[in-house]
Amino acid sequence: MIEKIIAADSDSAATVARASAILGRDLAAHYRAANEAIFACNRDIQIGVFLANHLHLSLLQRAGIRADWPLGLSLGEYNHLIHIGALSFEDALQVIDERGRLYDEGPRGIMVSVFPIEAEMVENVIAALGLSGRVAVGLYKRRASRCSRASATRYTRSSLRSKKRR
-12 MIEKIIAADS
-2 DSAATVARAS
8 AILGRDLAAH
18 YRAANEAIFA
28 CNRDIQIGVF
38 LANHLHLSLL
48 QRAGIRADWP
58 LGLSLGEYNH
68 LIHIGALSFE
78 DALQVIDERG
88 RLYDEGPRGI
98 MVSVFPIEAE
108 MVENVIAALG
118 LSGRVAVGLY
128 KRRASRCSRA
138 SATRYTRSSL
148 RSKKRR
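If you want it as structure tokens, here you go:
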């Protein structure tokens, strides 16, 4: 994605060159489709997604397209903060680079977005996979609490059924 954008747009190529200088590594070379290790670590995923989003936003803005309601989820929040002027591109890039590094060095785990589905469906999946107590669900407080109670109840019920059968 980044390779195609910078090949077609000199301003985007300049942005990637600036990002490369900030991070001290050649991002244009790294984010080429031919690079088999393009997303070998979380740090590379985070920088790549952030940079691709930033380049797309810049292209849209230069085309005269204005976003009245910028949004961002998780990593996308940094693009949102740049868009509204609350954070500079340089600062966001450095924070995201460090964020990715810390994810790589941290304990094993995974973060996923489970939307747009009903909270009950998430509860059912967690219970069915036997992940009660090992999964944090980021929902509104009331729903998160309900999800925890429902998972615990299902886990307890299935445990009791197993014990009765023995």
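Heads up, the final residue of the sequence shown is numbered 153 in our numbering, and it's a clean run with no missing numbers. Heads up, the beta-carbon is just placed ideally off N, CA and C, and yes, glycines get one too.
Task: Test item: CB-CB of D13 and S7 under 7 Å - done: A contact, by the Cβ cut-off of 7 Å.
Open item on the list: Considering only their Cβ atoms, is the gap separating C28 from D84 smaller than 7 Å?
Closed with: Between D84 and C28, the C-beta spacing is not below 7 Å.
- [ ] Closer than 7 Å by C-beta to L44: which residues in its own chain qualify, once you throw out the five before and the five after it? Chain order, please.
- [x] Within its own chain, the residues whose Cβ lies closer than 7 Å to the Cβ of L44, once the five positions on either side in sequence are excluded, are N66, H70, listed in chain order.
TODO: Work out the CA separation of G59 and I(-7) for me, nearest whole Å.
DONE: Distance between the alpha carbons of I(-7) and G59: 23 Å.
Open item on the list: Extract the residue ranges of the beta strand (DSSP E) inside the region -5 to 74, only unbroken runs of 3 or more that lie entirely within it.
Closed with: The region -5 to 74 is shown to contain no whole beta strand (DSSP E) run of 3 or more residues.
Task: Inter-residue spacing [alpha-carbon to alpha-carbon] between M108 and F26 - done: Rounded to the nearest whole angstrom, the C-alpha separation of M108 and F26 is 31 Å.
TODO: From the DSSP output, in three-state form, read off E105 for me.
DONE: E105 carries a coil assignment under DSSP once its states are collapsed to helix, strand and coil.
Open item on the list: So the candidates are I9, G11, A0; which of them puts its Cα closest to the Cα of R19?
Closed with: Here the closest residue by C-alpha is A0.
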